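S.K.:
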Amino acid sequence: MTTGVRRRMGVEERRRQLIGVALELFSQRSPDDVSIDEIASAAGISRPLVYHYFPGKLSLYEAALKRAADDLADRFSEPHEGPLGTRLHQVMGRFFDFVDEHGPGFSALMRGGPAVPAGEASAVNTASTTTALIDSVRQAAYEQILEHLGISEPPARLELVVRSWISLAEATALIWLDGRRIPRPELEMQLVHDFAALTAVSAAYDAEMADVLRRLLADEPADGPFGDLIGRLTALAPQLS
């Protein structure tokens, strides 16, 4: 009969384990509702040992947040092959996969992180860290969309369209999490349509944006996401006249 021996972990391996455990718990419930004792129990170690690797729950939260932010930013990466509408649709699928998997944590992240008593220095530091990580995800998404459009120096109206669309995707995901009253596949497609619609409205006011829209639609198949939007609007037009 042999006795099981718990394997000792190196410092970095243990830190990675604790971050993973914390991220899993933060994905299931708001970070405010998760205790150090729960994290320690899930990791199979003592509470004091958690503090040996992280000064407190906020520092562990920030480390988990960084991993989640990197993961979320990666969801916007997509091979530059095929029609843009199809690519954006695939991106939205991965984005909502993340939202689905990390619902409470995603909500806490987008609403500024866990609650911290006012006046504490850690409150300022955590808010600053959360803001910086959110901004880094938004910037990564923005740069990825520009790469898909093949534009390195966007005109002002295009920057407005892309950044507005990213904000719209965030807001849509947060509203969807509150009850999930609209089927997720419909929202994913709607957000792709929203991108085309925002671009089209901007193109009505600006010649550069009109060129962007023409290039955007040039290679779109009739049965693709953008073609589907045009078909829906065309069918709707007689009802509005």
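The sequence shown begins at 7 in the working numbering and counts up by one. Virtual Cβ for every residue (Gly too), placed ideally from N, Cα, C. In this text the structure is predicted, and so the values were computed from the model without any measurement.
1) Tell me, please, whether the stretch 175–189 touches the stretch 226–237 by the rule of three or more beta-carbon pairs shorter than 8 Å.
2) Relative to the C-alpha of L78, which candidate in A146, L180, R117 and A162 has its C-alpha closest?
3) Report buried or exposed for R117, applying the criterion of at least 16 other Cβ atoms within 10 angstroms of its Cβ.
4) Can you list, in chain order, the residues of its chain whose CB lies under 7 Å from that of Y148, leaving out five sequence neighbours each side?
5) Report yes if the CB atom of V105 is closer than 8 Å to the CB atom of A177, and no otherwise.
6) When you compare each of P161, M98 and P85 to A209 by their alpha carbons, which one comes out closest?
7) Beta-carbon separation of A70 and F101 under 8 Å?
8) Distance, Cα to Cα, P85 vs Q23?
9) Buried or exposed for A75, please, with buried defined as at least 16 other CB atoms from any protein chain shown within 10 angstroms of its CB.
10) Are the CB atoms of L164 and V218 nearer to each other than 8 Å?
11) Within the same chain, show all residues whose beta-carbon is closer than 6 Å to that of R21, passing over the 5 residues directly before and after it, in chain order.
12) List, from N- to C-terminal side, the alpha helix (DSSP H) runs of 4 residues or more that fit wholly inside the stretch 77–157.
13) Flag this pair as yes or no: are the beta carbons of G91 and E226 separated by less than 8 Å?
14) So, with DSSP's three-state summary, where would you put F232?
15) Between which two residues does the alpha helix (DSSP H) containing F32 stretch?
16) Kindly indicate the opening and closing residues of the alpha helix (DSSP H) around Y57.
17) What residue range is occupied by the uninterrupted alpha helix (DSSP H) comprising P191?
18) Using a Cβ cut-off of 8 Å (strictly closer), state whether I172 contacts chain C.
19) Since I believe I45 is in contact with V17 (beta carbons under 8 Å), could you give me their beta-carbon distance rounded to a whole number of angstroms?
M.R.: Taking the coordinates as given:
1) no
2) A146
3) exposed
4) V168, R169 and I172
5) no
6) P161
7) no
8) 31 Å
9) buried
10) yes
11) Y59
12) 90–107, 109–116 and 127–155
13) yes
14) helix
15) V17 to Q34
16) R53 to Y59
17) R190 to A209
18) Protein chains in the displayed structure number just one, and chain C is not present.
19) Going by Cβ atoms, the distance from V17 to I45 rounds to 17 Å, so no, they are not a contact pair.
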